[in-house]
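S.K.: Have a look at this one before I ask anything.
Number of protein chains: 2
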Amino acid sequence: MRRIYLAGPDVFLPDPQAQAAARKALCARYGFAGVFPLDGGVDLAGLVPVAAGLAIARANEELMRGCDLMIANATPFRGPSLDAGTAYEMGFMRALGKPVLAYANVVGSYADRVAALSGRPLAHNVAGHLVDDRGMAVEAFDMADNLMVVGAVAASGGELVLAGVPAGAEHTDLTAFEHCLEQAARLVP
Amino acid sequence: MRRIYLAGPDVFLPDPQAQAAARKALCARYGFAGVFPLDGGVDLAGLVPVAAGLAIARANEELMRGCDLMIANATPFRGPSLDAGTAYEMGFMRALGKPVLAYANVVGSYADRVAALSGRPLAHNVAGHLVDDRGMAVEAFDMADNLMVVGAVAASGGELVLAGVPAGAEHTDLTAFEHCLEQAARLVP
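Shown next as structure tokens:
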């Protein structure tokens, strides 16, 4: 049975094991085994915080090596972009040559969210580039997030699934996640 | 000559070619060839925005495959974490088995920055975990950013270099970058 690494900040939700169970049940319905980042079974006893963090990082990389593909929750997290750990893992999986699928429970472009963050429309600089309030260019490729992230999904033969969800359900609504499973079933039958 | 992929949101600065030149000059002083993400020479003529973004993503992945190691600017970008594209590229390079070094022109922990974002100290939930104002857990590993990012540098034999810099110089000050070059010279002589 093909194994799907379930990347995302879902591990930070109040009951991550419930999140894992819900996602794994959906994976099973499509004939896949879901692998949650907490499945590494790392023993953190006696480790100082930094050592514990590094042990989790190593375990997650091993879990990814043992999976066949990825579905990532790329919903914006504490800013206009996805969670940094999730972005890292998408790059990792892509370099391993394994399909990377993803969803984001948000509508609107990355540029829209950067504008919202500064509280006013984005300006153009003298070169004609869209810039944020610090004068740094904002990607204007009609994409939902950074082009590397969108590019990984496209190069995998998939499409980043976007869905509007009720406020508060950004990291728990699994409608878009299930659309990724449909893509997975087509791409990795 | 060993080639270093220079990952980071420096490409978004007002004069990215000047940034590239400054970084490449420092690389040369340590016996390395610096490769900037804009060096791919992608022809975007006639491409609609999404196609242009995807072409850049492919070109950046090819540039990384052609490099021997990475130095990433992991300075927080539009939020408490590093730029999403940079995080993606760190994961990509790490999975290729190539050393990933990084710096952040910031002091203070990730948890401190999440607290600053909400404007008040972080709370603990009933399970004793540090949580943000949405109730999502905040990594408490005494790390400067997400554990995958810090873990990649540690697994490469390096150490994330942190430096306090004057406000406004977060993406241009190259003191910490040069410390990464010193690590590179030791690790990939």
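Here the protein sequences come in this chain order: A and B.
Start counting the first sequence at 2; every next residue gets the next number (our numbering).
Start counting the second sequence at 2; every next residue gets the next number (our numbering).
Glycine is no exception: its CB is placed at the ideal position from the N, C-alpha and C atoms.
(1) Restricting to Cα atoms, I'd like to know which of B:51, B:50, B:30 and B:56 is closest to residue 42 of chain B.
(2) Name the DSSP bridge partner or partners of residue 77 of chain A?
(3) Does the stretch 79-97 of chain A touch the stretch 77-87 of chain B, meaning 3 or more C-beta pairs lie closer than 8 Å?
(4) Is the beta carbon of residue 115 of chain B less than 9 Å from the beta carbon of residue 124 of chain B?
(5) Thinking just about the alpha-carbon of each residue, which of A:176, A:63 and A:44 is nearest to the one in residue 74 of chain A?
(6) How many whole angstroms separate the CB atoms of residue 69 of chain A and residue 99 of chain A, which I take to be in contact at a CB cut-off of 8 Å?
(7) Got a sec? Which residues, its chain only, sit under 6 Å from residue 95 of chain B by beta carbon, not counting five neighbours each side?
(8) When the Cα atoms are used, what is the spatial distance from residue 148 of chain B to residue 44 of chain B?
(9) Taking the Cβ atom as the reference point for each residue, do residue 178 of chain A and residue 72 of chain A lie within a distance shorter than 9 Å?
(10) By the DSSP assignment, the alpha helix (DSSP H) with residue 111 of chain A in it spans what residues?
(11) Could you compute how far the alpha carbon of residue 159 of chain A sits from the alpha carbon of residue 188 of chain A?
(12) Please report the distance separating the alpha-carbon of residue 111 of chain A from that of residue 162 of chain A.
(13) On the premise that residue 66 of chain B lies in contact with residue 97 of chain B, defined as a C-beta separation below 8 Å, what is that separation, rounded to the nearest angstrom?
(14) Indicate the three-state DSSP secondary structure (helix, strand or coil) for residue 2 of chain B in the structure shown.
(15) Between residue 183 of chain A and chain B, is there a C-beta pair that is closer than 9 Å?
(16) For residue 103 of chain B, collect the residues of the same chain with a Cβ closer than 6 Å to its Cβ; drop the 5 residues on either side in sequence, then sort them by chain order.
(17) Of the choices B:173, B:117, B:130 and B:118, whose alpha-carbon is the least far from that of residue 135 of chain A?
(18) For residue 138 of chain B, which of helix, strand or coil comes out of DSSP?
(19) Residues of the stretch 72-88 of chain A with a CB closer than 7 Å to any CB of chain B: list them in chain order, please.
(20) For the stretch 137-158 of chain B, list every residue whose C-beta sits within 8 Å of some C-beta in chain A, in sequence order.
(21) Find the residues of chain B that neighbour residue 10 of chain A, judging by a C-beta separation of less than 8 Å, and give them in chain order.
(22) Compare the C-alpha of residue 109 of chain B against each of B:120, B:49 and B:77 and name the closest.
(23) Mark residue 22 of chain B as exposed unless 16 or more other C-beta atoms lie within 10 angstroms of its C-beta, in which case mark it buried.
(24) Which runs of the beta strand (DSSP E) spanning at least 3 residues fall entirely within the stretch 25-49 of chain A, listed in chain order?
(25) Along the chain, where does the alpha helix (DSSP H) that runs through residue 101 of chain A open and close?
(26) Quick check on residue 15 of chain B - is its C-beta less than 9 Å from some C-beta in chain A?
(27) Among A:3, A:140 and A:52, which has the Cα closest to the Cα of residue 140 of chain B?
M.R.: Looking at the atomic coordinates:
(1) As a first step, residue 42 of chain B is located in the second sequence; it is residue number 41 there, counting from the start. Per the Cα distances, B:56.
(2) In the first sequence, counting from the first residue as 1, residue 77 of chain A sits at position 76. DSSP, once it has assigned bridges, lists A:83 as partnering residue 77 of chain A.
(3) yes
(4) Position 114 of the second sequence, counted from the start, is the residue given in the question as residue 115 of chain B. Position 123 of the second sequence, counted from the start, is the residue given in the question as residue 124 of chain B. Cβ atoms of residue 115 of chain B and residue 124 of chain B: not closer than 9 Å.
(5) Mapped onto the first sequence, residue 74 of chain A falls at position 73. If we check each option's Cα against that of residue 74 of chain A, A:176 comes out closest.
(6) Along the first sequence, one-based indexing puts residue 69 of chain A at 68. Along the first sequence, one-based indexing puts residue 99 of chain A at 98. Correct: roughly 6 Å between the Cβ atoms.
(7) Taking the second sequence and counting its residues from 1, the one referred to as residue 95 of chain B is at position 94. Closer than 6 Å at the Cβ level, and outside the excluded window around residue 95 of chain B, lie 101 and 153.
(8) For this step, residue 148 of chain B is matched to residue 147 along the second sequence. For this step, residue 44 of chain B is matched to residue 43 along the second sequence. C-alpha separation (whole angstroms): 36 Å.
(9) Counting from one through the first sequence, the residue named residue 178 of chain A turns up at place 177. Counting from one through the first sequence, the residue named residue 72 of chain A turns up at place 71. Result yes, Cβ atoms of residue 178 of chain A and residue 72 of chain A sit closer than 9 Å.
(10) Your numbering for residue 111 of chain A matches position 110 in the first sequence. Looking at the DSSP string, the run of the alpha helix (DSSP H) that includes residue 111 of chain A is 111-119.
(11) Working through the first sequence from its first residue, we reach residue 159 of chain A at position 158. Working through the first sequence from its first residue, we reach residue 188 of chain A at position 187. Those two C-alpha atoms are separated by around 8 Å.
(12) As a working mapping, residue 111 of chain A is identified with position 110 in the first sequence. As a working mapping, residue 162 of chain A is identified with position 161 in the first sequence. Computed Cα separation, rounded: 14 Å.
(13) As a first step, residue 97 of chain B must be located in the second sequence, where it is residue number 96. As a first step, residue 66 of chain B must be located in the second sequence, where it is residue number 65. That belief holds up - the Cβ atoms of residue 97 of chain B and residue 66 of chain B are roughly 7 Å apart, short of 8 Å.
(14) Counting from one through the second sequence, the residue named residue 2 of chain B turns up at place 1. Coil, per DSSP.
(15) Taking the first sequence and counting its residues from 1, the one referred to as residue 183 of chain A is at position 182. Not an interface residue.
(16) Against the second sequence, residue 103 of chain B aligns to sequence position 102. Hits under 6 Å: 73, 75, 154 and 161.
(17) Translated into positions along the first sequence, residue 135 of chain A becomes position 134. With distances taken between Cα atoms, residue 135 of chain A lies closest to B:173.
(18) Within the second sequence, the letter at position 137 stands for residue 138 of chain B. Strand.
(19) 79, 80, 81, 82, 83, 85, 86 and 88
(20) 137, 138, 139, 140, 141, 142, 143, 144, 146, 147, 148, 149, 150, 151, 152, 153, 155 and 156
(21) One-based indexing of the first sequence puts residue 10 of chain A at position 9. Within chain B, the residues near residue 10 of chain A are 137.
(22) Translated into the one-based positions of the second sequence, residue 109 of chain B becomes position 108. Considering only alpha carbons, the answer is B:77.
(23) Looking up residue 22 of chain B in the second sequence gives position 21. Burial call: exposed.
(24) 34-36
(25) For the purposes of this step, residue 101 of chain A is taken as residue 100 along the first sequence, with counting starting at 1. First-last for residue 101 of chain A: 101-105, but that is the beta strand (DSSP E), not the alpha helix (DSSP H).
(26) Here residue 15 of chain B refers to the residue found at position 14 of the second sequence. Closer than 9 Å to some Cβ of chain A, the Cβ of residue 15 of chain B qualifies, so yes.
(27) Sequence index remark: in the second sequence, residue 140 of chain B carries index 139 (1-based). Cα-wise, what sits closest to residue 140 of chain B is A:52.
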